[in-house]
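The structure under discussion appears below in the form of structure tokens.
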Amino acid sequence: MATTKTMLSAAASIAASAMIIRSMVQEFFPRKIRDQIFSSALSFFTRVSSKLTINVHEFRGNLPNEMYLAVQTYLSSKISPYTRCLQVAKQEDSKGLEVSMEVGETVVDLFEGIEFRWKLICKEKQKLVLNQRRKDSMTSMLETKFFVLSFHKKHKEKALYVYLPHILQHSKNIKQEEKRIRIYSGDYGKLQQGLIQGIWNGVNLDHPATFDTLAMDPELKRLVKEDLERFVRRKAYYRRVGKAWKRGYLLYGPPGTGKSSLIAAVANFLKFDIYDLELTEIKSNSWLRQLLIGTANRSIIVIEDIDCTIELQEKEEDATKSRGRIKYHNEKVTLSGLLNFIDGLWSGCGDERIIIFTTNYKERLDFALLRPGRMDMHIHMSYCSPSSFMTLLSNYLNVDNHTLKPEVERLLREVEATPAEVAEELMKSDDSDDAMRCLIKFLEGKKVEASEENKKEESMVVEVSEIDELKEGAEKQESMVVEGSEI
Numbered sequence: 001m002a003t004t005k006t007m008l009s010a011a012a013s014i015a016a017s018a019m020i021i022r023s024m025v026q027e028f029f030p031r032k033i034r035d036q037i038f039s040s041a042l043s044f045f046t047r048v049s050s051k052l053t054i055n056v057h058e059f060r061g062n063l064p065n066e067m068y069l070a071v072q073t074y075l076s077s078k079i080s081p082y083t084r085c086l087q088v089a090k091q092e093d094s095k096g097l098e099v100s101m102e103v104g105e106t107v108v109d110l111f112e113g114i115e116f117r118w119k120l121i122c123k124e125k126q127k128l129v130l131n132q133r134r135k136d137s138m139t140s141m142l143e144t145k146f147f148v149l150s151f152h153k154k155h156k157e158k159a160l161y162v163y164l165p166h167i168l169q170h171s172k173n174i175k176q177e178e179k180r181i182r183i184y185s186g187d188y189g190k191l192q193q194g195l196i197q198g199i200w201n202g203v204n205l206d207h208p209a210t211f212d213t214l215a216m217d218p219e220l221k222r223l224v225k226e227d228l229e230r231f232v233r234r235k236a237y238y239r240r241v242g243k244a245w246k247r248g249y250l251l252y253g254p255p256g257t258g259k260s261s262l263i264a265a266v267a268n269f270l271k272f273d274i275y276d277l278e279l280t281e282i283k284s285n286s287w288l289r290q291l292l293i294g295t296a297n298r299s300i301i302v303i304e305d306i307d308c309t310i311e312l313q314e315k316e317e318d319a320t321k322s323r324g325r326i327k328y329h330n331e332k333v334t335l336s337g338l339l340n341f342i343d344g345l346w347s348g349c350g351d352e353r354i355i356i357f358t359t360n361y362k363e364r365l366d367f368a369l370l371r372p373g374r375m376d377m378h379i380h381m382s383y384c385s386p387s388s389f390m391t392l393l394s395n396y397l398n399v400d401n402h403t404l405k406p407e408v409e410r411l412l413r414e415v416e417a418t419p420a421e422v423a424e425e426l427m428k429s430d431d432s433d434d435a436m437r438c439l440i441k442f443l444e445g446k447k448v449e450a451s452e453e454n455k456k457e458e459s460m461v462v463e464v465s466e467i468d469e470l471k472e473g474a475e476k477q478e479s480m481v482v483e484g485s486e487i
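The numbering of the sequence shown is UniProt numbering, which starts it at 1 and goes up by one.
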């Protein structure tokens with residue numbers, strides 16, 4: 001009992017002495033000298049200690065740290081019953097709960113008989129943000145997270161070259177098994193403030209489109225699938241030939257022909273996330289580069305309606321030379337900036353990326369966008385054909401044949417109807433006979449409209465022709481009068 005009292009008394013004396021020494025140092029030594037003293041003391045105890053620590057930060061500069069994401073996924077599967085505080089989340093369309101570590105919690109992982117201790121830390125730091133328009137600055141609080149890994153220093157080689165690579169591979173397997181496709185949109189407000197971290201916001205994409213349900217030409221469907229499969233297995237090939245591992249697609253055709261559904265089908269087929277770029281919200285080429293850097297590997301970058309979302313300026317000197325107009329164009333994405341984004345040096349910032357452009361009017365696009373290497377495959381999404389109607393018949397009426405099918409196929413060869421229009425008619429009744437009759441009535445109506453439109457156009461052509469003939473006759477008569485007067 002005396003021994004316990006003696007130990008407690010000694011501990012109290014040491015603590016009191018430490019407090020006195022700390023107070024004296026703070027009172028009599030300048031801050032710079034104090035920092036040097038504490039730094040030297042920390043360095044000494046670190047050398048004496050047998051523990052080694054590794055910090056895994058959420059971001060490395062402006063780029064997301066792949067190792068951080070891997071650790072986050074890996075530790076979610078290692079949380080023990082003794083963990084005191086957890087972070088639980090669930091999105092509306094997710095299948096289950098997402099359980100992860102809370103800030104300040106510790107998880108112990110035993111790997112090959114070695115104890116590795118993980119702790120999640122969160123700190124806030126001030127960031128000075130410059131506003132180019134107002135020519136002033138503001139202070140913004142930025143939250144940074146990082147994992148601290150601690151273990152005996154004799155296991156340093158094992159940790160760096162066996163344990164951490166194991167985490168990368170294990171987390172990759174977990175993500176592949178539990179992969180939920182996500183669609184991301186840019187947080188342009190953060191870019192406006194000068195922030196470059198967390199500029200993409202994502203939600204789960206639960207789109208049911210697959211290549212089996214797409215109403216498009218079966219042969220074209222087969223070609224697209226084969227091209228995608230060939231692309232994802234050619235990593236070594238792209239590196240050998242010296243090309244960035246990416247692929248560009250142009251989807252063009254009238255509205256309602258299934259361009260967005262094809263994008264969703266590609267994402268479901270490859271298990272790739274989608275990044276939706278809204279060019280009208282992007283103020284400069286530098287914003288475009290920051291957004292590109294923020295996208296992950298194995299992803300699809302989508303730019304819809306490329307022909308009408310933005311006026312791309314190839315050269316600023318082509319614009320009006322007034323100061324205000326030049327400033328305006330400086331705040332827009334230029335054609336050269338977009339081309340560099342697609343296949344310039346910046347396109348190499350990542351692997352296994354697919355870039356998809358959509359347009360209703362291919363003829364409006366600049367030829368520089370269309371060449372191979374930028375848009376490698378041009379996919380025409382056309383009107384509903386008899387072959388694509390078979391897919392719609394199976395999808396919406398759950399039948400492979402129908403007595404009215406020949407009549408529908410005949411009308412589809414004569415009129416232009418999009419798959420979306422045909423699908424809408426098939427949804428009007430649960431009874432297959434009624435639905436088919438509704439579709440036939442709709443197609444016959446379109447045929448009548450097309451016939452009337454053709455008659456109007458022919459009538460206008462005749463009127464224009466008659467006017468031209470009258471003008472030509474008047475010009476001849478005037479010419480004869482002039483010649484007669486000269487005589």
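We treat Cβ as the ideally placed atom computed from N, Cα and C, and that holds for glycine.
Beta-carbon proximity check, residue i vs residue j, cutoff 7 Å
i      : j      : result
Ala368 : Val415 : no
Arg353 : Lys235 : no
Leu392 : Ala215 : yes
Glu102 : Cys85  : yes
Ser394 : Gly253 : no
Arg374 : Gly242 : no
Tyr361 : Asp307 : yes
Tyr68  : Ile167 : no
Ile300 : Ile274 : yes
Leu412 : Met436 : no
Ile114 : His170 : no
Asn297 : Asp376 : no
Ser432 : Val399 : yes
Lys158 : Ser50  : no
Leu292 : Thr358 : no
Gly202 : Arg182 : yes
Simplified DSSP state of residue i, which is helix, strand or coil
i           : result
Asp343      : helix
Ser299      : strand
residue 555 : Because the chain in this structure spans residues 1 to 487, residue 555 falls outside the shown range and cannot be described.
Ile20       : helix
Gly189      : helix
Arg325      : A caution first: Arg325 carries a pLDDT of 42, below 50, which makes its placement in the model too unreliable to give a value.
Ser432      : helix
Leu205      : coil
Asp318      : Residue confidence is low: Asp318 scores 49 on pLDDT, short of 50, so the model does not pin down where it sits. No coordinate-derived value is stated.
Gln313      : At Gln313 the pLDDT is 46, less than 50, meaning the model places this residue with poor confidence; the figure from the coordinates comes in the next sentence. Looking at Gln313 - three-state DSSP - the assignment turns out to be strand.
His402      : coil
Tyr163      : helix
Asp227      : helix
Leu288      : helix
Ser100      : strand
Val422      : helix
His417      : The amino acid occupying residue 417 in the given sequence is Ala; His does not appear at that position. If DSSP states are grouped into helix, strand and coil, Ala417 belongs with coil.
Nearest candidate by alpha-carbon position, reference residue i, set the options
i      : options                           : result
Asp276 : Leu270, Ile263, Ala70 and Met377  : Ile263
Thr213 : Asn454, Ala420, Asn65 and Arg182  : Ala420
Thr418 : Glu115, Ser432, Leu443 and Leu397 : Leu443
Gln87  : Phe116, Leu120, Asn65 and Ala70   : Leu120
Glu226 : Asn201, Ala423, Gly344 and Val266 : Val266
Trp287 : Val448, Ser388, Gln192 and Glu304 : Gln192
Lys90  : Phe111, His207, Arg180 and Lys158 : Arg180
Thr210 : Ser385, Thr359 and Gly258         : Gly258
Ile379 : Lys455, Gly445, Leu228 and Pro406 : Leu228
Val71  : Ser49, Lys51, Leu97 and Val108    : Val108
Leu110 : Lys175, Ser80, Thr53 and Arg233   : Ser80
Lys175 : Thr106, Phe272 and Phe116         : Phe272
Ala423 : Glu453, Phe389, His402 and Glu452 : Phe389
Pro386 : Glu452, Val232, Lys332 and Pro218 : Pro218
Arg117 : Leu426, Ile196, Leu52 and Asn173  : Leu52
His207 : Gln197, Ile199, Ser260 and Tyr161 : Ser260
First through last residue of the alpha helix (DSSP H) which encompasses residue i
i      : result
Leu110 : From DSSP, Leu110 is part of no alpha helix (DSSP H) but of the beta strand (DSSP E) over Thr106 to Phe111.
Tyr68  : Glu66 to Ser76
Ala264 : Lys259 to Leu270
Ala368 : Phe367 to Leu370
Leu279 : Taken as a continuous stretch (DSSP letters only), Leu279 belongs to no alpha helix (DSSP H), as it is neither H nor E.
Bounding residues of the beta strand (DSSP E) (the contiguous stretch that carries residue i)
i      : result
Leu357 : Note that residue 357 corresponds to Phe in the displayed sequence, not to Leu. Looking at the DSSP string, the run of the beta strand (DSSP E) that includes Phe357 is Arg353 to Thr359.
Gln197 : Element bounds for Gln197: n/a, residue is neither H nor E.
Ser185 : Arg182 to Gly186
Asn55  : Lys51 to His57
Ala236 : No beta strand (DSSP E) holds Ala236; the alpha helix (DSSP H) holding it covers Lys235 to Val241.
Ser387 : Not the beta strand (DSSP E): Ser387 falls in the alpha helix (DSSP H), residues Pro386 to Leu397.
Arg247 : Lys246 to Tyr252
His155 : Looking at the DSSP string, His155 is not in any beta strand (DSSP E), and its letter there is neither H nor E.
Practice item. Answer yes if the segment 142-155 comes into contact with the segment 53-71, meaning at least three C-beta pairs across the two stretches below 8 Å, and no otherwise. Key: yes
Practice item. Check whether the segment 182-191 touches the segment 277-290, taking contact to mean three or more Cβ pairs, one atom from each stretch, closer than 8 Å. Key: These segments touch.
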